[in-house]
Structure formats: C-alpha cells, structure tokens
Ligand SMILES: C[S@@+](CC[C@H](N)C(=O)[O-])C[C@H]1O[C@@H](n2cnc3c(N)ncnc32)[C@H](O)[C@@H]1O
C-alpha cells in the first residue's frame, strides 16, 4: 500500500517530513527507474549518497529485491525516520547508516545514486533544517570529495543523478541516457 503512489508513501513519515518531499525526497517513479538501471546482477550493492529520510532506498529496494541498498545520512533524526519506515515496510535489503559520506569506503559499493545532496550548502531557500553549517566551501569540499571517489571507481560502475549540477561527475563517466526533462541522468564509468 505504501508504494502505490507518492502520497501513500509519505504516510510513513510525520507530516512535517512529508511536506519536504517535493523539494528533498526522490519521487517514486524516479527511484524505480534509477533502481532498474543500477542493479545489474543479484547482490549488487547500491549507495544512496545522502539518504535523507530513506525514500530512495526504500522505493528502490522494493523495486529491485535482488539489490542491496545502503543510505548514508548526516542528520540523526532523518536516519531514525528512515529506520522507522524500514521497519514498517518490512524490507530486508536496505540499511541506513548515520554519518558523513567521508566516513565511508566507496569501494564497498558497486553503483551509486545521487540526488543533488550538496545543493543545500549553497542555496538560501527551502533548507531541511539548520542543524548543519552551510557554505560554498562545504559545497566545493563535498563535491570534490565525491568526484575523487568516483575517479577511483572501477570500469562499469553505474551512477544515477537527479537534479545534479554535475560538478561531482568525472569525465570518465559517460552519459548513456536521460529522462524527465534531462533532470534524471544515467551514467556508466568507462
Ligand atoms: C536532497 S536529500 C535526498 C534524500 C534521498 N537521497 C532521497 O532522494 O530521498 C539530500 C540529503 O543528503 C544529506 N547530506 C548532504 N551532505 C551530506 C554529507 N556530507 N554526508 C551525509 N549526508 C549528507 C542531507 O542531510 C540530505 O538529507
């Protein structure tokens, strides 16, 4: 029932969180398309870089039960909401980690999803909250960090971006398809 459409999914969250969905959480249609591209074989490990309240991972895990989905999120309360939603849905191929993307070893993952997670460091409106610091320095730092991780990824690594500014994507990633007015992009490392 939660995966019927976006409003149904948002009933997994408190009202204030569901009100952020339009701006901050991946639409179900996007998550499904991304999951089908990212999971190429059983057991593929997918990382959501900045997983928020867990919507991408949960929807993707439901769409592709043969994939394993991990979300890393710096805001503790969002990780708690994601874990509550995970428990309700009963999905077993998802985990949520509390931490910074810089805490992770990207080699532990096969493919990646990125919904413009660093944009909030440089935009003034519609922030999730004021728990963290915002600055263009942080935007540049995290974008460059992700760029370097993706440079080290092996050939064949897949990446899906949604509303990305593309500063974090190395030239070694080839754009293979776009959808939703070019906002959803599918990339493969050469
Ligand atoms: C636009 S939301 C996307 C949420 C989720 N991927 C989805 O699509 O439903 C981006 C999230 O990235 C998180 N984030 C930003 N920078 C981060 C960092 N350096 N480490 C961990 N999480 C980060 C933010 O806290 C925010 O919750």
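Residue numbers (the UniProt record's numbering): 1 to 190.
Idealized CB from N, CA, C, for every residue including glycine.
Query raised in the report: From residue 127 to residue 46, what distance separates their C-alpha atoms?
Result: Counting from one through the chain shown, the residue named residue 127 turns up at place 127. Counting from one through the chain shown, the residue named residue 46 turns up at place 46. One Cα belongs to residue 127, the other to residue 46, and the distance between them is close to 26 Å.
Closest to residue 92 by CA distance: which of 68, 103, 152, 99 is it? Residue mapping note: residue 92 aligns to position 92 of the chain shown, counting from 1. Checked all of 68, 103, 152, 99; the closest Cα to residue 92 is 68.
Taking contact to mean 3 or more Cβ pairs, one atom from each stretch, closer than 8 Å, check whether the region 93–110 and the region 11–27 are in contact. These segments do not touch.
* residue 39 in three-state terms, based on DSSP -> Start at 1 with the first residue of the chain shown, and residue 39 comes out as number 39. Three-state result, residue 39: coil.
Please indicate yes or no: does the CB of residue 137 lie closer than 7 Å to some heavy atom of ligand 1?
-> Locating residue 137 in the chain shown gives position 137, counting from the first residue. Residue 137 Cβ: outside cutoff for every heavy atom of ligand 1.
Comparing the CB of residue 106 with every heavy atom of ligand 1, is any distance shorter than 7 Å? On the chain shown, residue 106 is found 106 positions in, with the first residue counted as 1. No - ligand 1 has no heavy atom lying nearer than 7 Å to the Cβ of residue 106.
* To do: Specify the secondary structure class of residue 158 as computed by DSSP and reduced to three states.
  => Residue mapping note: residue 158 aligns to position 158 of the chain shown, counting from 1. In the three-state scheme derived from DSSP, where H, G and I count as helix and E and B as strand, residue 158 is classed as strand.
*Can you round the beta-carbon distance between residue 121 and residue 135 to whole angstroms, since I take them to be within the 8 Å contact cut?*
In the chain shown, counting from the first residue as 1, residue 121 sits at position 121. In the chain shown, counting from the first residue as 1, residue 135 sits at position 135. Between the beta-carbon of residue 121 and that of residue 135 there is about 6 Å, and that keeps the pair under the 8 Å contact cut.
### Query
So residue 177 is in the beta strand (DSSP E); what residue range does that whole segment cover?
Taking the first residue of the chain shown as position 1, residue 177 is located at position 177. Counting along the chain, the beta strand (DSSP E) containing residue 177 begins and ends at 173–179.
Checklist entry - Looking only at DSSP bridge pairs, what is residue 94 linked to? => result The sequence position of residue 94 within the chain shown is 94, counting from 1. Residue 94 is bridged by DSSP to 69.
* May I ask which residues mark the beginning and end of the alpha helix (DSSP H) holding residue 47? => Residue 47 sits at position 47 when you count from the first residue of the chain shown. Unbroken run through residue 47 is the beta strand (DSSP E), 45–49; no alpha helix (DSSP H).
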